[in-house]
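Heads up: the structure comes next, in C-alpha cells.
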Amino acid sequence: MASRNPEKGHKAIQQLRESNLDVSFVSIDVDNQESIRQASTTVNERIDQ
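Below is the structure:
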C-alpha cells in the first residue's frame, strides 16, 4: 500500500493485517519525482527478497 501520509498508511496497514492480509507500506508523494523513484526502489527491493 502506498500513501503520502505515513501515519495514515501505517494505520491502514495495521487494520488490513488484523484481517490476516499480507501487506506492507511505502510512502510516496506522486507530485515529487524523487519520492516516486524512492518508492519504486523500495518496492523492487521488497519483491526481490
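The opening residue of the sequence shown carries number 11 in this note's numbering; numbering runs sequentially from there. Backbone N, C-alpha and C fix where the C-beta goes; we use that ideal spot for every residue, glycine too.
Query, Result
"8 Å Cβ cutoff met for R14 and I38", "yes"
"One or two residues paired with S13 in a DSSP bridge", "S37"
"Rounded separation between T51 and E44 - CA only", "11 Å"
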